[in-house]
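Participant: So for the sequence shown, the working numbering puts the first residue at 38; every next one is plus one.
Using N, Cα and C, we set each Cβ at its ideal position, and we do this for glycine too.
One structure is given below, represented as structure tokens, and several questions about it will come after.
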Amino acid sequence: MYPMGTLGNWRKSSSSGEGDGNSCVEIATTPTHMAIRDSKPPARTPLTVPAGAFVTFVGALNADRLTVADVR
């Protein structure tokens, strides 16, 4: 796990928009990992996963191939 100070800049989706823009997830990157956190309590420990796993996960979401069984 990476200390939060080494994670670089946290980013929100550009589709977060106004209003509910504070209720979303944010990501930060390192050369080998992606960190994901809830924007409401940003001081909590983020979920950190290998970059390749995150890319595969997002690719499956974008291709609409991910099912509930895949994440159990």
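First and last residue of the beta strand (DSSP E) that includes T93?
Facilitator: Working through the sequence shown from its first residue, we reach residue 93 at position 56. That residue, T93, is in no beta strand (DSSP E); its alpha helix (DSSP H) goes A88 to N99.
Participant: May I ask which residues mark the beginning and end of the beta strand (DSSP E) holding T66?
Facilitator: Numbered from its first residue, the sequence shown carries residue 66 at position 29. Here the beta strand (DSSP E) through T66 covers V62 to T66.
Participant: What separation, rounded to the nearest whole angstrom, lies between the Cα atoms of N46 and T93?
Facilitator: Counted from its first residue, the sequence shown places residue 46 at position 9. Counted from its first residue, the sequence shown places residue 93 at position 56. Rounded to the nearest angstrom, the two C-alpha atoms are 22 Å apart.
Participant: Taking just the CA atoms, how far does F91 sit from P78?
Facilitator: The sequence position of residue 78 within the sequence shown is 41, counting from 1. The sequence position of residue 91 within the sequence shown is 54, counting from 1. If I take the Cα positions, the gap works out to 22 Å.
Participant: Grab me the residues of A72's own chain with a C-beta within less than 6 Å of its C-beta, minus the 5 sequence neighbours each way, in chain order.
Facilitator: On the sequence shown, residue 72 is found 35 positions in, with the first residue counted as 1. Hits under 6 Å: L44, A65, P83 and T85.
Participant: Could you give the distance in angstroms between the alpha-carbon of A80 and the alpha-carbon of H70?
Facilitator: Mapped onto the sequence shown, residue 80 falls at position 43. Mapped onto the sequence shown, residue 70 falls at position 33. Answer to the nearest angstrom: the Cα atoms are 19 Å apart.
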